[in-house]
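Heads up, the sequence shown is in full-length UniProt numbering, so the first residue is 1 and it goes up one at a time. What follows is a short report on a single structure.
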Amino acid sequence: MGTEALNTLYELLSSERRRLALGALIDAETPLVREELARRIAVRRDGRDAEAASETAVNEVAISLGHVHLPKLVAGGLVDRTGDDRYGVTELGRSAECAACAFETSLASDVEAFDGELRPSAARRAVSLERDDDC
1 MGTEALNTLY
11 ELLSSERRRL
21 ALGALIDAET
31 PLVREELARR
41 IAVRRDGRDA
51 EAASETAVNE
61 VAISLGHVHL
71 PKLVAGGLVD
81 RTGDDRYGVT
91 ELGRSAECAA
101 CAFETSLASD
111 VEAFDGELRP
121 SAARRAVSLE
131 RDDDC
């Protein structure tokens with residue numbers, strides 16, 4: 001993978017909302033309409049059940065999905081938009097979500113192993129190759 005492709009991947013995965021969207025779309029058995037995707041993201045983000053997600057929170061997520069995040073994910077090839085305005089994850093999107101999981105796991109390990117200086121400890125400089133069962 002070239003530098004430009006890696007930069008694009010990092011840009012697409014830099015937003016927590018886009019990572020949550022990928023995860024929700026992977027978990028869905030069928031493509032989702034934007035509002036349902038927004039509800040699932042609000043639930044994941046706030047740690048509540050679907051009924052407890054406020055309409056204000058869901059609307060805020062839906063607006064940002066429609067104006068910012070879904071267009072980027074579609075343009076990057078991680079998500080497809082169907083003719084009936086539903087969104088589903090692509091195989092590339094599944095792979096990118098696994099990469100994001102590995103990166104977050106590695107980053108969390110680096111933070112835990114921080115040696116008090118302005119760099120992670122030598123034992124934590126390598127990127128974790130362990131994958132979750134979901135990947």
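C-beta: ideal position from N, C-alpha, C; glycine also.
(request) Take the Cβ of residue 16 as the centre, count every other Cβ of all protein chains shown within 10 Å, and call the residue buried at 16 or more, exposed below. (result) For the purposes of this step, residue 16 is taken as residue 16 along the sequence shown, with counting starting at 1. Per the 10 Å Cβ criterion, exposed.
(request) Give the DSSP-derived three-state secondary structure of residue 9 in the structure shown. (result) Here residue 9 corresponds to residue number 9 of the sequence shown, with the count starting at 1. Three-state DSSP puts residue 9 in a helix.
(message) Any heavy atom of the ligand MN closer than 6 Å to the beta-carbon of residue 16?
(response) Ligands displayed in this structure: none; no statement on the ligand MN is therefore possible.
(request) Would you kindly check if the distance between the Cβ of residue 53 and the Cβ of residue 42 is under 7 Å? (result) Reading the sequence shown from its first residue, position 42 is the one you call residue 42. Reading the sequence shown from its first residue, position 53 is the one you call residue 53. Yes, the Cβ-Cβ distance between residue 42 and residue 53 is below 7 Å.
(message) Considering only DSSP beta bridges, list what residue 81 is partnered with.
(response) For the purposes of this step, residue 81 is taken as residue 81 along the sequence shown, with counting starting at 1. For residue 81, which the question treats as bridged, DSSP gives the partners 87.
(message) Distance check for residue 98 and residue 131, CA to CA, integer angstroms please.
(response) For the purposes of this step, residue 131 is taken as the residue at position 131 of the sequence shown. For the purposes of this step, residue 98 is taken as the residue at position 98 of the sequence shown. With a pLDDT of only 38 at residue 131, under the threshold of 50, the placement of this residue in the model should not be trusted, and no figure is reported.
(message) So if DSSP puts residue 32 in a beta bridge, which residue, or which two residues, is it bridged to?
(response) The residue you call residue 32 lines up with position 32 of the sequence shown. Per DSSP, 87.
(request) Below 8 Å on the Cβ atoms is my guess for residue 38 versus residue 61; work out the distance and round it to an integer in Å. (result) Locating residue 38 in the sequence shown gives position 38, where the first residue counts as 1. Locating residue 61 in the sequence shown gives position 61, where the first residue counts as 1. That pair is a contact at about 4 Å.
(message) Could you compute how far the alpha carbon of residue 11 sits from the alpha carbon of residue 46?
(response) In the sequence shown, the residue the question calls residue 11 occupies position 11. In the sequence shown, the residue the question calls residue 46 occupies position 46. Straight-line Cα distance between these residues: approximately 24 Å.
(request) Apply the 10 Å Cβ neighbour rule to residue 69 and answer buried if 16 or more other Cβ atoms are within range, or exposed otherwise. (result) Reading the sequence shown from its first residue, position 69 is the one you call residue 69. By the neighbour-count rule (16 or more Cβ atoms within 10 Å), residue 69 is buried.
(message) Could you tell me the alpha carbon to alpha carbon distance between residue 89 and residue 8, rounded to whole angstroms?
(response) Position 89 of the sequence shown, counted from the first residue, corresponds to residue 89. Position 8 of the sequence shown, counted from the first residue, corresponds to residue 8. Approximately 17 Å, taken between the alpha carbons.
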